[in-house]
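Residue numbers (this note's numbering): 29 to 183.
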């Protein structure tokens with residue numbers, strides 16, 4: 029599996045730890061973030077990872093900034109991206125199972141390295157369940173593609 033990883037200056041150390049963890053799991057890792065502590069604008073990394081996921085350059089994306097929030101917002105602006113911010117493993121797992129998320133984000137100032145590894149593992153090991161969740165993901169895709177939702181807009 030090919031994983032795109034992106035980060036800002038607040039998350040260099042955790043990005044390196046997670047990159048190594050992913051490699052130990054047998055993943056190929058593509059770095060879209062910064063490797064220095066110099067100020068780096070998180071929307072750049074979020075957008076780059078989002079584009080790589082959306083165009084198939086990578087299978088999934090992982091984003092890390094101070095909180096995970098800003099960088100995930102940037103990724104979610106890319107059509108086809110379903111990014112989630114998680115600070116614990118259960119939500120990460122269910123985000124894959126129910127929402128078919130393709131980008132995971134978390135905060136280097138929020139979670140420690142061991143918890144981050146647990147979040148990543150639960151997210152990567154989970155599979156989309158389909159079924160009733162497929163319909164809901166399709167509604168998300170409709171919003172993404174048309175900037176509307178027919179079932180609401182025509183009601």
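All C-beta atoms in this analysis are idealised placements derived from N, C-alpha and C, irrespective of residue type, glycine included.
Ordered along the chain, which non-local residues of its own chain (more than five positions away) have a Cβ less than 8 Å from that of residue i?
i, result
"residue 96", "113, 114, 115, 133, 134, 135, 138"
"residue 170", "176, 177, 178"
Among the options, which residue has its Cα nearest to the Cα of residue i?
i, options, result
"residue 69", "149, 159, 98, 148", "98"
"residue 73", "154, 102, 46", "102"
"residue 117", "79, 153, 29", "153"
"residue 57", "37, 79, 71, 85", "85"
"residue 107", "119, 45, 172", "172"
"residue 50", "147, 119, 140, 162", "147"
"residue 126", "48, 156, 167, 143", "156"
Would you check if the distance between the CB atom of residue i and the CB atom of residue j is smaller than 8 Å?
i, j, result
"residue 65", "residue 40", "yes"
"residue 92", "residue 55", "no"
"residue 151", "residue 121", "yes"
"residue 89", "residue 81", "yes"
"residue 131", "residue 165", "no"
"residue 119", "residue 45", "no"
Take residue i and list the residues in its own chain whose beta-carbon comes closer than 6 Å to its own, dropping the five residues that flank it on each side.
i, result
"residue 75", "102"
"residue 104", "111"
In its own chain, which residues sit with a C-beta less than 7 Å from the C-beta of residue i, not counting the 5 before and 5 after it?
i, result
"residue 43", "33, 35, 61, 92"
"residue 109", "78, 81, 82, 103, 130, 131"
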